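Q:
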Amino acid sequence: MHDNHIHVSGARERNLKDIDVLIPKKEITVFTGVSGSGKSSLAFDTIAAESQRELNETYTSFIRHRMPHYGKPDVDTIENLSVAFIINQKRLGGNARSTVGTITDIYSLLRLLFSRIGKPFAGYSDVFSFNNPIGMCSCCQGLGKIEAVDIEQLLDKNKSLNEGAILFPTFEPGGWRLTRYIHSGFFDNDKKIKDYSAEELELLLYTDGIKVKTPSPEWHKTALFEGLIPRIERSFLKKEDGEKVKYSKEIERFVIKQDCPHCHGTRLNDKVLSCKVNGKNIAECSDMQINELLDFIQSVGAPVAATVVSELVNRLKHMVSIGLDYLSLSRETSTLSGGESQRIKMVCQLGSSLTDLTYIFDEPSIGLHPHDISKINDLMKLLRDKGNTVLIVEHDPDIIKIADHIIDMGPGAGTHGGEIVYQGSIQGLKASGTLTGRYLAYSPELKPDIRAPRGWLSIHNATMHNLKNLFVEIPKGVMTVVTGVAGSGKSTLINGVLPRFYPDTIFIDQKGIQASKRSNIATFTGIFDIIRKLFAKRNGVSASLFSFNSQGACPVCKGLGVTYTDLAFMDTFVTICEECHGNRYTKEVLTYQLRGKNIGEILKMTVSEALEFFQEREILTILQRLSDVGITYISLGQPLSTLSGGELQRIKLASELENGGQVYVMDEPSTGLHMADIKQLIGVMNRLVEQNSTLIVIEHNLDIICQADWVIDLGPYAGQNGGKILFSGVPEDLINCKDSLTGKHLKKYIK
Ligand code: ADP
Ligand code: ADP
Ligand code: ZN
Ligand code: ZN
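For the sequence shown, counting from 1, position 437 maps to 437 in full-length UniProt numbering; every step adds exactly one.
1) Sort out for me which residues DSSP pairs residue 728 with in a bridge.
2) Could you tell me the distance, in whole angstroms, from the CA atom of residue 590 to the CA atom of residue 46?
3) If residue 444 and residue 750 are in contact, beta carbons under 8 Å, what's the gap, nearest whole angstrom?
4) Measure the alpha-carbon distance for residue 258 versus residue 148 and round it to whole angstroms.
5) Return helix, strand or coil for residue 423, following the three-state DSSP convention.
6) Over the uninterrupted beta strand (DSSP E) stretch that includes residue 257, give me the two end residues.
7) Measure how close the beta-carbons of residue 479 and residue 629 come, nearest whole angstrom, since I'm counting them as under 8 Å.
8) Beta-carbon separation of residue 651 and residue 524 under 8 Å?
9) Going by DSSP, what residue range makes up the alpha helix (DSSP H) through residue 382?
10) For the candidate residues 286, 584, 398, 4, whose alpha-carbon lies nearest to that of residue 266?
11) Do residue 314 and residue 355 have their C-beta atoms within less than 8 Å of each other?
12) Taking Cβ positions only, does residue 153 come closer than 8 Å to chain D?
13) How many Å lie between residue 545 and residue 617 at the Cα?
14) Hey, residue 25 and residue 409: beta-carbon distance below 8 Å or not?
15) Three or more C-beta pairs under 8 Å: does that hold for the region 425–432 against the region 393–410?
16) Can you tell me where the beta strand (DSSP E) holding residue 458 begins and where it ends?
17) For residue 134, count neighbouring Cβ atoms within 10 angstroms of its own Cβ and tell me buried if that reaches 16, exposed if not.
18) Helix, strand or coil for residue 361 per DSSP?
19) Check residue 664 in the structure and name its three-state DSSP category.
20) Out of 6, 8, 13, 556, state which residue places its alpha-carbon closest to the alpha-carbon of residue 418.
21) May I ask you to check if the CB of residue 8 is nearer than 7 Å to at least one heavy atom of ligand 4?
22) How long is the line joining the alpha carbons of residue 432 and residue 3, rounded to whole angstroms?
23) Hey, residue 274 and residue 120: beta-carbon distance below 8 Å or not?
24) From residue 731 to residue 725, what does the alpha carbon distance come to, in whole angstroms?
25) What are the residues that DSSP puts in a beta bridge with residue 84?
26) Out of 243, 187, 269, 155, point me to the one whose CA is closest to residue 229's CA.
27) If you draw a straight line from the C-alpha of residue 153 to the C-alpha of residue 735, how long is it?
28) I need the DSSP call for residue 536, collapsed to helix, strand or coil.
29) Tell me the DSSP secondary structure of residue 520 in three-state form.
30) Starting from residue 9, trace the beta strand (DSSP E) both ways and give me its first and last residue.
31) Report yes if the C-beta of residue 310 is less than 7 Å from at least one heavy atom of ligand 1; otherwise report no.
32) For residue 167 versus residue 181, is the C-beta spacing smaller than 8 Å?
33) For residue 709, tell me which candidate among 555, 656, 576, 476 has the shortest Cα-Cα distance.
34) If you measure from the CB of residue 335, is any heavy atom of ligand 2 nearer than 7 Å?
35) Please go through the region 83–131 and give each complete alpha helix (DSSP H) segment of 4 or more residues, from N-terminal end onward.
36) Rounded C-beta distance between residue 323 and residue 366? I'm assuming under 8 Å.
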């Protein structure tokens, strides 16, 4: 009867309240609701998890016995489920050999093209691979980069060898490696390096290895004298173990990565580079922006390679349509942002001809300007029209708009959520009176009371990446929002260039929070120590009993409540610990209580539940600050490694609220937030500004742009077609700026 629907019944994962739901197949369904309402619990932890499990059931028992045991999600049944693919913003990462070209397979097509029609004729397409010994540059092994020693950082030229001129362990006075230099007889050990002659400096730094008679009895009769640079390269750069690892922090200080002097960063050897198509070699093609490469390939009229050319054109057009035309095939995947990674994953899927799949997207709007969103919307419609079911977890009104069906979850977060509060069309949602409905129906306005700047931060001659020699002034003491399409240069300007001018800039980002599976909000904020002491006092036992690395912790999961299985070919697999059933501690420890709750139960409480439970001022102050930045729905014991970048960023914002008065930068703080949560976030940002701070926010979210005192808009487009300042001023004037796509969208938004 419901065979054109996925039918979920009795879903109870995490906070879901035993819900039943019908999801139309071959349509686009958007899951909405405040953060923590249960959208991911339904879409990922129930639907995607069950699909994964069923897929594994289809393997032979031989394979299955070698795979981890997939627990069944807490749900009675799911009918009509097809194979599900998750497309999220988890960064692609990857090593230095993984590039946009290799991961999308477009580079293989390019190799094929060169092997067919390149001149002089080169043979097989494998020759063009920088990951293959026959194609790679032998100097850098196909990495395009080599590590080199920055002498300015290694030497203190105002000192002599005896005074410790060599700034590296084992070469300092008393260090064993220095003796060979001191006893060589080549140098005046008390002469400052800055007074060395060119020959002396050459000898100290670059000597390749000459035999010296040894005046010191500790030496062998003859020994090899080697300059500092080859010495350091041999022991610290070329090897992959031992001292290289031990001193990695110190090495990082004076080792710089630079383009390989031999292949100039192209990764390929001379022979391969001499092979050309229409005057360009394969490295030059990989370095072009995708839109330029597309034009170039379209101009290649080679009947013998017509199929390869048309497939290349096809794939490159996908990249353009998804707004990634500013990337190049040679860009390393490890430097891509989460949003870019997500869109690359989409391109990989579009190449596939499979149908009747379920695609589940996790906030595809992240990193995207309203102008880019229309492109990604087209792609999601394309996936649907190919006969797939598209499920999207999203807050952005521009994406919610394309839904054929909406499932709104709530009403609140955590235990206050987990229900379906509305399902149906978008018009119905607006009239429904749910929190999401009310926000969608409400008409936004610009902030009336704009703050006046209290001075300016100025940046000049900014040329990094695509920036076009910019002069930028950022007002102090107010909130500035930096806008522009993805790839226009926002992060380059603010994260890359600004700190060169103002090194004291504080980045409220995910860095500095150790997001390991052993840390959680309770340990990070320090309330766990207070809670352990309360337990100890109440029960007359030692506080250390409640620590994760004590005898009191479950011996199997070591206090994590879950066990992890690492798999080479999939994401790490997590299962509830079979010993303690997720309670983290031994049975004995779980008998100790604080106001009727054991320590395992307390770690399961969300921040808002904990705010109701605790009475201790010290704990309440910290919890309240977390709650102020919208972290209400996360449980105290949830590992920081499971939190999104946006959530970690807000946790850091909460800890900054104690200080104020500095220059702060936030990169897309709206990530993961419902319109209602954003309102709260804006309140906190204003509080920070009122503490005499300068706040600079990189954002696409129009509600946040409406709240800006000042806007700096970059563009007009991405990559080389961006990198200029289109507008700098108050939001009201942005609306009338004809060149600005942001202005255009803002005008439409506030109408
Ligand atoms: P949404 O996707 O709507 O933001 P979630 O489904 O992620 O909401 O969260 C629903 C509830 O489940 C929240 O109370 C949240 O704190 C909790 N939760 C989510 N992930 C985890 C996890 N890994 N461990 C424990 N609790 C979790
Ligand atoms: P935005 O923040 O506006 O999305 P970015 O500042 O990230 O834009 O990017 C601006 C330009 O700089 C783009 O062409 C991008 O490809 C390039 N770029 C960004 N990071 C790097 C990097 N690590 N290496 C090379 N190019 C980069
Ligand atoms: Zn090289
Ligand atoms: Zn356990």
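Don't be surprised by glycine CBs; every beta carbon is placed ideally from N, CA and C.
Predicted model, so just to flag it, every value in this text is computed and none were measured.
A: In brief:
1) Answer is 712, bridged to residue 728.
2) 29 Å
3) With a contact defined as Cβ atoms closer than 8 Å, residue 444 and residue 750 qualify at about 5 Å.
4) 7 Å
5) strand
6) First-last of the beta strand (DSSP E) with residue 257: 255–259.
7) That pair is no contact at about 16 Å.
8) Going by beta carbons, residue 651 and residue 524 fall inside the 8 Å limit.
9) Counting along the chain, residue 382 sits inside the alpha helix (DSSP H) bounded by residues 370–385.
10) 286
11) Between residue 314 and residue 355, the C-beta spacing is not below 8 Å.
12) Any reference to chain D falls outside this structure, which holds one protein chain only.
13) 24 Å
14) no
15) Short answer: they touch.
16) 456–462
17) exposed
18) Reduced to three states, the DSSP call for residue 361 is strand.
19) strand
20) 13
21) no
22) Going by the C-alpha atoms only, they are around 28 Å apart.
23) yes
24) 15 Å
25) Note: residue 84 sits in a beta bridge opposite 358.
26) 155
27) Cα to Cα, residue 153 sits roughly 48 Å from residue 735.
28) helix
29) strand
30) 5–11
31) no
32) Taking the C-beta atoms as reference points, residue 181 is found no nearer than 8 Å to residue 167.
33) 476
34) yes
35) Entirely contained in the region 83–131, the alpha helix (DSSP H) runs reaching 4 residues are, in chain order, 100–104, 106–117.
36) About 13 Å separates the two Cβ atoms, so there is no contact after all.
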